[in-house]
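Using the numbering used here, the letters of the sequence shown map in sequence onto residues 15 to 592. Taking it in order: structure first as structure tokens, then the write-up.
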Amino acid sequence: MVDHRSSAPPALGPPKPSEGGAVDFIRAIVEEDIASGKHHGRVATRFPPEPNGYLHIGHAKSICLNFGVAQEHGGTCNLRFDDTNPTTEDVEYVDAIKEDVRWLGFEWSAELYASDYFERLYQFAVELIKAGQAYVDSLSADEIRKYRGTLTEPGKNSPYRDRSVEENLDLFARMRAGEFPDGAHVLRAKIDMASPNLNLRDPALYRIRHAHHHRTGDAWRIYPMYDFAHPLSDALEKITHSLCTLEFEDHRPLYDWLVNAVDVHQGSDKPRQIEFARLNLNYTVMSKRKLLQLVQQGLVSEWDDPRLPTISGLRRRGYTPESIRDFCARIGVAKKENVIDVAQLEHSIREDLNRRAPRVMGVLRPVKVVLTNYPEGQVEEVDVINNPEDESAGTRKVPFARELYIERDDFIENPPKKFFRLSPGKEVRLRCAYFITCHEVVKNDRGEIVELRCTYDPATRGGDSPDGRKVKATLHWVSAAHAVPAEVRLYDRLFSVEDPENAPEGKTFLDYLNPHSLEVLRDALVEPSLASAAPGDRVQFERLGYFSVDPDSRPGALVFNRTVSLRDTWARIAQKNS
Ligand code: ATP
Ligand code: MG
């Protein structure tokens with residue numbers, strides 16, 4: 015078996031031209047900044063996941079962008095965990111995220127945690143209080159919401175807004191010391207309660223949370239808000255371009271306010287936030303909260319269930335890192351929200367595996383064929399090309415004998431007009447072997463077909479007839495005595511509607527699960543060359559699709575996942591119905 019697992023290329027190497035030719039708007043900004051000497055030509059990005067779930071294909075877009083932009087300019091890209099929400103975060107997620115980023119083929123310049131900055135962030139907050147730019151508010155969460163106003167109405171100042179600097183410093187220190195229960199106070203920036211941008215109406219900077227943090231333990235009783243921690247972490251790391259998704263566009267004025275209010279590096283150039291459209295894919299959900307629900311409710315097996323759009327799920331399904339990077343390069347980066355057809359992702363993996371997956375034969379739903387004129391006990395080895403797309407992959411020998419299995423679907427006793435595969439009296443080719451003709455159908459007492467008795471034409475060895483006789487179908491097969499049993503898991507879309515996240519009133523995305531998203535075939539038979547196949551190996555089962563060996567697989571109990579069919583069956587169904 016050829017091992018087609020990919021090894022990750024070393025990441026931040028020498029600059030290389032951006033993939034795909036055309037430069038997107040973010041790369042254009044970066045190139046302009048380099049040309050104008052901004053940041054002294056330095057490029058520093060970061061990928062900032064919150065460790066509250068596994069990464070998904072949307073994150074892959076952000077990873078390819080952040081690491082890609084840095085790579086192309088000999089810059090740096092940090093992996094920064096935005097771990098400011100102790101109650102939802104966990105080291106399990108930190109480890110999974112690191113594994114996924116590496117598997118995608120990227121290596122970070124530094125591994126950093128927002129929690130490493132907690133002390134410095136606290137000191138920045140103290141600075142803001144001293145400058146009269148932050149205050150401790152003692153309104154309840156409900157009151158704060160009421161005071162905030164709406165998009166059409168200005169907010170109202172909190173009665174606590176004009177506390178003295180001394181009182182604010184004292185209260186903030188006591189918040190830190192754990193003197194108050196959750197929700198008793200918050201630290202807020204003092205900006206403008208009448209701003210048309212709600213994010214500038216005295217946003218919260220710190221909240222009290224008596225919670226254990228996976229890294230800082232019980233050291234902190236207050237935790238910084240994302241909107242406070244993120245820009246200042248960027249500034250601390252001297253990030254030049256802080257790339258994030260569009261929903262943060264309205265937060266940019268606050269981002270800028272903070273990096274200007276807190277002069278982290280005494281005047282050196284400041285990070286710039288640039289927003290791009292997130293990746294949306296149809297027939298799936300991508301919010302980590304929803305993915306977590308699917309996992310917790312047992313609706314999928316785990317975070318790496320091959321039906322999930324998680325990186326670990328795609329990996330288990332048989333996707334290659336190259337195919338995911340190719341997909342990200344093809345969809346590009348733009349400012350406008352859109353929905354990408356999951357068929358595009360499937361296209362990328364099909365193209366990659368077409369180039370490198372060895373072709374093998376496996377019968378998913380077997381029916382027995384007996385060649386009545388083939389000598390009992392004889393075994394031949396037929397030569398089969400491993401990959402017509404890759405001459406260097408060579409050929410292999412596959413045993414052929416009197417008793418074989420073919421796909422049950424490849425035989426119909428009373429075929430409709432345009433059925434060219436096997437039926438009584440019809441001649442077909444067995445791939446790389448012989449022409450065979452069916453002359454008898456053997457059934458059990460329930461009327462089910464148990465055996466097809468056929469004759470073979472010895473003159474057609476190798477799969478061609480010397481008299482120029484043509485057949486219309488070529489079937490895959492395995493030798494009964496040599497085949498290896500396998501379990502095959504067929505996957506389909508997890509949801510039966512395009513946009514499960516947009517469920518109508520009274521329904522949730524869970525109401526749209528596709529009941530047929532997993533079909534397990536336990537009686538499959540595969541050719542003996544696969545006996546030693548190892549988890550992660552990828553093959554094409556001829557005529558059926560691309561498959562990869564699941565981590566559940568054991569010698570003698572092989573398990574294959576269907577990565578993707580050979581052609582897009584959904585497109586064909588849609589075409590037929592239109
Ligand atoms: P979710 O809503 O799924 O929980 P998130 O945005 O909260 O996602 P983070 O861990 O905060 O997840 O994301 C890390 C980075 O990945 C952020 O910069 C975020 O903007 C980016 N990102 C998340 N989802 C997508 C997506 N669908 N497309 C592109 N980038 C994304
Ligand atoms: Mg987030």
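Virtual Cβ for every residue (Gly too), placed ideally from N, Cα, C.
With a CB to CB cut of under 6 Å and the five nearest residues on each side skipped, what residues in its chain are close to residue i?
{"i": "V396", "result": "V412, F414, C446, A447"}
{"i": "V573", "result": "E501, D564, D566, S567"}
{"i": "I253", "result": "A58, R60, P285"}
{"i": "R19", "result": "With a pLDDT of 42 at R19, under the threshold of 50, the predicted position of this residue should be treated as unreliable, though the coordinate-derived value follows. Excluding positions up to five away in sequence, the list reads G550."}
{"i": "P238", "result": "T98, L135, Y220"}
{"i": "T324", "result": "Y68, H70, W317"}
{"i": "S129", "result": "D97, R229, T230"}
{"i": "F341", "result": "L359, S362"}
Only counting the same chain, and skipping five residues up and downstream in sequence, which positions put a Cβ closer than 7 Å to that of residue i?
{"i": "H199", "result": "V150, D151, S152, L185, M189, I222"}
{"i": "D355", "result": "N296"}
{"i": "H226", "result": "P100, D232"}
{"i": "R202", "result": "A148, Y149, D151, D216, P217, A218, L219"}
{"i": "N458", "result": "V464"}
{"i": "R475", "result": "Y448"}
{"i": "V640", "result": "Past the boundaries of the shown model lies residue 640; the chain is included only from 15 to 592, so the question cannot be answered."}
Can you give me the C-alpha to C-alpha distance between residue i and residue j, rounded to a whole angstrom?
{"i": "H255", "j": "A243", "result": "16 Å"}
{"i": "V299", "j": "R321", "result": "11 Å"}
{"i": "V16", "j": "Q554", "result": "Confidence in V16 is poor, its pLDDT being 40 and thus under 50, which makes the residue's placement unreliable; the coordinate value appears in the next sentence. Their Cα atoms are separated by approximately 12 Å."}
{"i": "V384", "j": "K302", "result": "53 Å"}
{"i": "F39", "j": "H53", "result": "19 Å"}
{"i": "G146", "j": "Y131", "result": "22 Å"}
{"i": "G51", "j": "Q287", "result": "18 Å"}
{"i": "Y127", "j": "S546", "result": "42 Å"}
{"i": "N575", "j": "A49", "result": "49 Å"}
{"i": "E465", "j": "I77", "result": "53 Å"}
{"i": "R229", "j": "E125", "result": "14 Å"}
{"i": "L489", "j": "V534", "result": "22 Å"}
{"i": "G67", "j": "R162", "result": "31 Å"}
{"i": "T79", "j": "Y174", "result": "The sequence shown places Leu at residue 79, not Thr. Their backbone Cα atoms lie some 43 Å apart in a straight line."}
{"i": "A208", "j": "P168", "result": "4 Å"}
{"i": "N428", "j": "F434", "result": "12 Å"}
{"i": "E453", "j": "I426", "result": "Looking at the sequence shown, residue 453 is not Glu but His. When rounded, the distance between both Cα atoms is 13 Å."}
{"i": "S154", "j": "K170", "result": "14 Å"}
Within its chain, find whatever has a CB closer than 8 Å to the CB of residue i; leave out the 5 residues flanking it on each side and keep chain order.
{"i": "V276", "result": "F138, E141, L142, L246, A249"}
{"i": "R177", "result": "Y149, V150, L185"}
{"i": "I345", "result": "K75, L293, I354, Q358"}
{"i": "E106", "result": "none"}
{"i": "N274", "result": "K284"}
{"i": "K30", "result": "Model confidence at K30 stands at a pLDDT of 43, short of 50, so the residue's coordinates are unreliable; what they give is reported in the following sentence. Closer than 8 Å at the Cβ level, and outside the excluded window around K30, lie Q85, E86."}
{"i": "R364", "result": "Y560, V578, L580"}
I'd like the span of the beta strand (DSSP E) that includes residue i, first residue to last.
{"i": "A415", "result": "409-415"}
{"i": "S579", "result": "572-579"}
{"i": "Y127", "result": "125-127"}
{"i": "R595", "result": "With the chain covering only 15 through 592, there is no way to say anything about residue 595."}
{"i": "C91", "result": "90-95"}
{"i": "E454", "result": "449-457"}
{"i": "A148", "result": "148-151"}
{"i": "F425", "result": "Run containing F425: none; DSSP gives neither H nor E here."}
Select from the options the residue whose C-alpha is nearest the C-alpha of residue i.
{"i": "P195", "options": "H224, R215, A203", "result": "H224"}
{"i": "N400", "options": "P372, R422, G391", "result": "P372"}
{"i": "F523", "options": "D104, Y560, V511, R344", "result": "V511"}
{"i": "A487", "options": "D114, E263, G281, V442", "result": "V442"}
{"i": "D513", "options": "C468, L219, N294", "result": "N294"}
{"i": "P402", "options": "V374, A110, L272, R175", "result": "V374"}
{"i": "E405", "options": "E180, R416, R370, A36", "result": "R370"}
{"i": "A187", "options": "I236, G119, V309", "result": "I236"}
{"i": "G391", "options": "N92, A36, R416, V381", "result": "R416"}
{"i": "R56", "options": "Y505, Y388, G89, F81", "result": "G89"}
{"i": "R2", "options": "I420, C468, P480", "result": "Absent from the model: residue 2. The displayed extent of the chain is 15 to 592, so no value can be given."}
{"i": "P472", "options": "T451, H496, R460, G461", "result": "T451"}
Mind checking which residues open and close the alpha helix (DSSP H) that includes residue i?
{"i": "C78", "result": "71-86"}
{"i": "P58", "result": "It should be pointed out that residue 58 corresponds to Ala in this sequence rather than to Pro. Per DSSP, A58 belongs to no alpha helix (DSSP H); it is in the beta strand (DSSP E), 58-61."}
{"i": "L135", "result": "132-144"}
{"i": "K382", "result": "That residue, K382, is in no alpha helix (DSSP H); its beta strand (DSSP E) goes 380-385."}
{"i": "A110", "result": "105-117"}
{"i": "I48", "result": "39-49"}
{"i": "R330", "result": "325-331"}
**Message:** List, from N- to C-terminal side, the beta strand (DSSP E) runs of 3 residues or more that fit wholly inside the segment 155-208.
**Reply:** Here the runs fully enclosed are 200-203.
**Message:** Extract the residue ranges of the beta strand (DSSP E) inside the segment 272-320, only unbroken runs of 3 or more that lie entirely within it.
**Reply:** 286-290
**Message:** What ranges does the beta strand (DSSP E) occupy inside the segment 466-533, keeping only unbroken runs of at least 3 residues that lie completely in it?
**Reply:** 491-493, 498-505
**Request:** List in chain order: all unbroken alpha helix (DSSP H) runs of 4+ residues lying wholly within the segment 210-267.
**Result:** Unbroken alpha helix (DSSP H) runs of no fewer than 4 residues, entirely contained in the segment 210-267, are found at 240-250, following chain order.
**Asked** What are the complete beta strand (DSSP E) segments, minimum 3 residues, inside the segment 336-406?
**Response** 380-385, 393-399
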